[in-house]
Each structure stands twice: as C-alpha cells, then as structure tokens.
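So the sequences go chain by chain: A and B. The first sequence begins at 968 in the numbering used here and counts up by one. The second sequence begins at 968 in the numbering used here and counts up by one. Ideal Cβ positions, reconstructed from N, Cα and C, are used throughout, including at glycine. One structure is given below, encoded as structure tokens.
Number of protein chains: 2
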Amino acid sequence: MMTVSTLSDDDSPQKGALHAKSVEKLREMIVSGDLRPGDRIRESHFCKAFGVSRTPIREAVRTLAAEGLIRISPNRSPVVADLAEVDLGHLYDVVATLEAMASEQACRVITQGELVEIIAIHGRMLESFERGERAEYLKLNFRIHQRTVEIAGNPVLHATWLALMPNMERARALANLDRARWLGAVTEHSKMLSALAARDGALLAALTRAHFRNGLKVSEKFLVPGAPAPL
Amino acid sequence: MMTVSTLSDDDSPQKGALHAKSVEKLREMIVSGDLRPGDRIRESHFCKAFGVSRTPIREAVRTLAAEGLIRISPNRSPVVADLAEVDLGHLYDVVATLEAMASEQACRVITQGELVEIIAIHGRMLESFERGERAEYLKLNFRIHQRTVEIAGNPVLHATWLALMPNMERARALANLDRARWLGAVTEHSKMLSALAARDGALLAALTRAHFRNGLKVSEKFLVPGAPAPL
DNA sequence: CGCCGAACACTTGTATGCAAGAACCGGGAA
DNA sequence: TTCCCGGTTCTTGCATACAAGTGTTCGGCG
C-alpha cells in the first residue's frame, strides 16, 4: 500500500516499464470513473486494449489490489472496488486524522518559500473554481493537500496518506458535483490557508477535520441508491 | 539464512493460492529477520526454495513492494528494504497517531466480551514474558494491538494500520532485545489495559503515544552502526 | 602492473502454452 | 414458468520459453 510511485509521466520507449504503465493507466481509469465500481477486469480485454501480454496486466492488478482499488478472489475476475464498500465515513476519518497530524507538523516546519508556493496554488485553484473547471480545480486542490503533507516532512505519513488518495479522490469528485459544497470547500480552504500562514497548528488541524466532515456529508448524499448519477 | 519451513502452516492442495502463500512466506522471512535488509531477492532462488515457478514469485514481490518491505528497480533484483531508510521515528509517529485514534474509538464501542478476550491475551502475554519467550510474546503483543484496532470498527483504519505493521514488527523485535525495555513495555501494556477497561479514551490514547515514544527510543539504539547485532 | 573492453553467465521483463475452475447458455423436468 | 442440471466457452493460475539488460570476469593492451 505504500507505493511512492517514483515513476512519473515519462513516456519512455524504455522496455522495462510496461507493467508500471499499466498500473498508471488502470488507476487513472478507475479514479476517473472510466471504470465503474463492480466492473470486472478481464485480463485478456486489457491485453488487447493496452497492447501487452497478460503478465504485466496481472502484476498491475496485484499492485492496485494492494492499494485497495481492486478486489481479487481466487479464480475469479478482479473487480473494481465499490466506493460504498470502501466506507466513506471511515475513509474520511482516517484521512482527516492523518492530515490533521500533517497540518500540525507542517505549521511547525514550513518555510516562507513553501508558504508562497501554496498560496500560489491556492490562487490558481480559486480561478479554476470561478471558471467552473472542475477537473482543473480537483487537480489543484489535490496538489495543495499533497504539498501540505509533503512539507510535514514525514515520508511514512506521506506514503500512507497517498495510498488512501485514489479512493479519496473518487469520493471528492462526487462531493464537488454539489455546487454549494464546492463553494463551501473553497471557503474552508481559504481559512485553512490563513491558519497555515499564521503557523497555528491546532487551528489548522481543527479546520482540516471540519473540512473533511463537511465533505463527507455531501459525498454520502451521492452514494444512496437513486442519487444523481455522476457525470 | 535459516531454512524456511517449506511445509509450514497449511498444506492445502488448493490450486489458487500459490502466490498468496509466497507472499506469506516472504513476508515472514523479512519480518523475522531471516532475510536481512539489503538482501537481493533473486526470483530463481525462491522458485527452487518454494518449489514454484517465477510467476507467483514475481506477483508476491509486487505485493510486498506495495507494502514497502521490498524495493524494486527496473531490470535489477528486488532488495529487502532497509529498516533505517524506512525511518523509524516517522513510522512510530504515524502508527502512534493511528493507534491513538483507534484507542479512543475502541473505548467507546468495546463490549464486555471483547474486553475479557483482550485481558485473556494480556495474561498469556505476561506468562510469555516471564518465561522469556520472545517470539511468543511478540505474537501476543501484536494480537492485542490488532484486536484493539479491530474493535475500533473502522476497516480503513485497520487496513492502513496493518500495512505499516510489517516494518513495525521488525522494529519492535529489535526493541525487545533490550531486557529493560521489555519490562517497561509490559508495564505500559498493563496500564493501557486498565485505561481500556475504564473506557477512558483520552487516557488510553495518551498512554498509547507514550508507549510508542518509549519503544522508539530503544529501537533507535539498535540501528546506529556498531550496535549489538540482532539475533 | 593496472586499465579497458568484449564475451559470457545470470537476471529480470514479457509473451505464450496448458490445465483447472468459473461463468454462461440451453434444455429438460417439476 | 421456474428451477435445476450438463456441457461449452471463457477466464484465471501456473509454468515455461524467449528477449533484453546487467554485472562480471578474463584477456588484451597501454
């Protein structure tokens, strides 16, 4: 679960990266919703889709299973994990705890330069919000959270946190379908940024927990049967 | 490198579990110290050792890499992750935070039956301590921590916590080489059990954090160069 | 004697073959 | 109609074959 995916977006013709690329593609397809929860992942299908053999696909599936995005049963097709079965409430609780911990640390060690960097990202995020560019907003939102955790300076915390992110992003995408919530999230982010700038760890931690609590309430609305379908 | 009990626990003729068993065996070998940090994991070697082909071994390696026990580089032999590079201090911090969270939850929801169960395990752990059976003690110790996290009733928390355990166990095994620390840990566990029985979540959380802080101090002693060799 | 290079052995990455089990489909009986 | 049963087809689990990259060693050369 602690994949610190060092491999990035390099499109190297490198021979030794077929399986890593399969991981990336599959994860992207799951997180983006291209693959829906419950969808079966038949190896042969993705072999043809990605133009590789079964071996890299199988290894990619193992990796994603370790991340919790896929469920595997012996002799059965792996399936995309259900967001509901992931139990959003519990997921939010854990992530909130981890980010609260990161917040306190970050307040203690953040440099002026890093603060400026985050403020810049925050600014761009606000612009995305005003233009209604959800995808861009989500990406920048993620960047802010990630930079905060990184700045905390605990690699184990970062890796643990990162492992929870794919499912978290799936849920956040749902929550932000609610326009009112989206506005609320933006407001909260501004307050959190102030606390960070003031290096008020306790306040930031509290704001962080509240931020997650509020997000959870909205996400849950979209998971009850008959809820508005995403996308 | 000691011999792996090739015919360990279950000798199921089950067809669909060769790779899962390889994961178990490899993890056990790493956690127990049978495989030392930096050791290269050559697929062919373990093929012969486990009597399987490369495919299950490769998949097992991916899984363990995702757990952070193994590091893989393209076209190079995977190696057992170095405990020092895992950064014990950071690891302890995160686990302490997670278990503190679990403690508070557990105090809120634990049943009388579960409490009795933990007390029983605790009793057996004390006996192991008095008999100086380190392996047995560690196993029971782990069981107590695990049951507490389970009882907290947050599956995401449990999974996240579990993912950190392999490295944690490796470190704990080192810490308990120090007899004084062993005694201290036993004492702390007794206090924690009292807090749990009293359902005092705040106290238990604080004790839990202290428990980890103390363990860390001793573990670190064994990681400086020239420290007493384990085993 | 030491440095450099090329062939060699070894290792991992990927593809494919084969067998066992699961899902699926259709037919027959209650 | 619906449920159950059998066979067919698909899918996974494991093994193996082949290709490509890496480290190593031994011989030649400066």
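Continuous alpha helix (DSSP H) stretch holding residue i: start and end
i: B/S999; result: 985-999
i: A/V1153; result: 1146-1164
i: A/T1115; result: 1101-1119
i: A/P1023; result: 1021-1034
i: A/F1179; result: 1168-1188
i: B/S1011; result: 1010-1017
Residue of the options minimising C-alpha distance to residue i
i: A/V1076; options: A/T1064, A/D1001, A/N1121, A/A1102; result: A/N1121
i: A/L1058; options: B/T1127, B/L1036, B/G1090; result: B/T1127
i: B/R1139; options: B/V1123, B/K1188, B/V1028, B/I1037; result: B/K1188
i: A/A1069; options: A/I1037, A/I1086, A/L1124, A/M1092; result: A/L1124
i: A/I997; options: A/H1012, A/I1037, A/V1019, A/R1021; result: A/I1037
i: A/F1109; options: A/P1133, A/E1094, A/G1099, A/R1098; result: A/P1133
i: B/E1034; options: A/L1171, A/D1145, A/L1129; result: A/L1129
i: B/N1042; options: A/H986, A/S1020, A/M1135, A/T1115; result: A/H986
i: B/S999; options: B/H1012, B/R1101, B/K1184, B/D1145; result: B/R1101
i: B/R994; options: B/R1166, B/R1148, B/L1131; result: B/L1131
i: A/A1147; options: A/F1096, A/R1166, A/A1173, A/M1135; result: A/F1096
i: B/G1018; options: B/A1173, B/M1135, B/K992; result: B/K992
i: B/I1039; options: B/G1080, B/C1014, B/G1005, B/R1021; result: B/G1005
i: A/R1166; options: A/L1002, A/T1078, A/R1003; result: A/T1078
Beta-carbon proximity of residue i to residue j, cut-off 8 Å
i: A/A984; j: A/L1082; result: no
i: B/G1168; j: B/E1103; result: no
i: A/R1137; j: A/L1031; result: no
i: A/S989; j: A/P1023; result: yes
i: A/R1025; j: B/E1010; result: no
i: A/I1111; j: A/H1089; result: yes
i: A/T1175; j: A/A1073; result: no
i: B/R1029; j: A/R1029; result: yes
i: A/L1093; j: A/V1047; result: no
i: B/I1086; j: B/R1114; result: no
i: B/L1150; j: B/A1162; result: no
i: B/L1105; j: B/R1091; result: no
i: B/A1185; j: B/D1145; result: The displayed chain sequence assigns Val, not Ala, to residue 1185 of chain B. Against a cut-off of 8 Å, the Cβ pair of B/D1145 and B/V1185 comes out as a contact.
i: A/C1014; j: A/R1003; result: no
As assigned by DSSP and simplified to three states, the class of residue i
i: B/P980; result: Confidence is the limiting factor: at B/P980 the pLDDT is only 49, short of 50, which leaves the residue's position unreliable, though a coordinate-based value still follows. If DSSP states are grouped into helix, strand and coil, B/P980 belongs with coil.
i: B/V1076; result: helix
i: A/T973; result: Only weak support is given to the placement of A/T973: the predicted model assigns it a pLDDT of 33, under 50, and the question is left unresolved by the model.
i: A/V1047; result: strand
i: A/I1088; result: helix
i: A/R1038; result: strand
i: A/R1007; result: strand
i: B/D1060; result: helix
i: B/L1002; result: coil
i: A/A1196; result: Note on A/A1196: pLDDT 42, under 50, position unreliable in the model; the coordinate value appears next. If DSSP states are grouped into helix, strand and coil, A/A1196 belongs with coil.
i: A/D1054; result: coil
- Query: Is it a yes or a no for the region 1047-1067 of chain B touching the region 1151-1161 of chain B, going by three-plus beta-carbon pairs under 8 Å?
  - Reply: no
- Item | At least 3 beta-carbon pairs within less than 8 Å: the region 1173-1182 of chain B vs the region 1056-1069 of chain B | yes
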